[in-house]
Amino acid sequence: MRYEQTITVRADQARAWAVLAAVTTWPQWTSSMREVQPLDGDELALGHRFRVKQPGMPALVWRVSALQVGDSFTWETRSPGVRTSGFHRLAANPDGTTSITVGVDQTGPVARLLDLLIGARTRRFLALEAAGLKAASES
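Take 18 as the starting number for the sequence shown in the working numbering and just add one per residue.
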């Protein structure tokens, strides 16, 4: 299953990246996150893990699996029967704005069931995250 949300912000890519990469501050600007606790250091770095608590969901540990500083990162978590990847991509636009895409890929034998159970919540959380990124990047 794939869920994706794209939003354009009136900020350059460097500013948007600064907000995005400060993952421990996310609960300050999105209601889709209650807590982001670093387990290997505050900075976004390949292999670093973060314990993420979202409303109505169990806390999950996400590990940064891909990182292109200034452009994108992916982190992953695993639960019985499903692997979830969260991706975050920035793209500079010719007019000086930045497009931000956030999304989730879920694979495994229970991914379809999760779509039925929490797909609407996942889409809502992505919309909240995108809107929060926009507001924080533009402030």
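Glycine included, every Cβ here is placed at the ideal spot set by N, Cα and C.
Check: If you draw a straight line from the alpha carbon of P72 to that of D29, how long is it in whole angstroms?
Finding: On the sequence shown, position 55 is the one that residue 72 refers to. On the sequence shown, position 12 is the one that residue 29 refers to. P72 and D29 have their C-alpha atoms roughly 31 Å apart.
Notebook entry, point to check: Which full runs of the alpha helix (DSSP H) of 4+ residues lie inside the segment 114 to 155, going along the chain?
Noted result: 128 to 155
Check: Between M50 and P111, what straight-line distance do the alpha-carbon atoms span, to the nearest angstrom?
Finding: Mapped onto the sequence shown, residue 50 falls at position 33. Mapped onto the sequence shown, residue 111 falls at position 94. Going by the C-alpha atoms only, they are around 32 Å apart.
Check: Can the beta-carbon of V40 be found closer than 8 Å to that of A33?
Finding: Taking the first residue of the sequence shown as position 1, residue 40 is located at position 23. Taking the first residue of the sequence shown as position 1, residue 33 is located at position 16. No, Cβ-Cβ distance for V40 and A33 is not below 8 Å.
Check: Cα separation between V53 and W79?
Finding: Walking along the sequence shown from the start, residue 53 turns up at place 36. Walking along the sequence shown from the start, residue 79 turns up at place 62. So the two alpha carbons sit approximately 10 Å from each other.
Checklist line | Per DSSP, the bridge partner or partners of T94 | finding: As a first step, residue 94 is located in the sequence shown; it is residue number 77 there, counting from the start. BP columns for T94 point to T101.
Note to self: Can you tell me whether A33 is helix, strand or coil according to DSSP?
What the structure shows: The residue given as residue 33 occupies position 16 in the sequence shown. A33 falls in the helix class under three-state DSSP.
Notebook entry, point to check: For P200, which of helix, strand or coil comes out of DSSP?
Noted result: Any question about residue 200 goes unanswered here, given that the chain covers just 18 to 156.
Notebook entry, point to check: In the DSSP assignment, what are the bridge partners of Q54?
Noted result: The residue you call residue 54 lines up with position 37 of the sequence shown. Beta-bridge pairing links Q54 to R68.
Notebook entry, point to check: Is the CB-CB distance between V99 and W92 below 8 Å?
Noted result: As a first step, residue 99 is located in the sequence shown; it is residue number 82 there, counting from the start. As a first step, residue 92 is located in the sequence shown; it is residue number 75 there, counting from the start. Cβ distance not < 8 Å, so V99 and W92 don't count as in contact.
Checklist line | From T115, A38 and L143, residue whose alpha carbon lies closest to that of T47 | finding: Taking the sequence shown and counting its residues from 1, the one referred to as residue 47 is at position 30. Minimum Cα distance to T47 is reached at L143.
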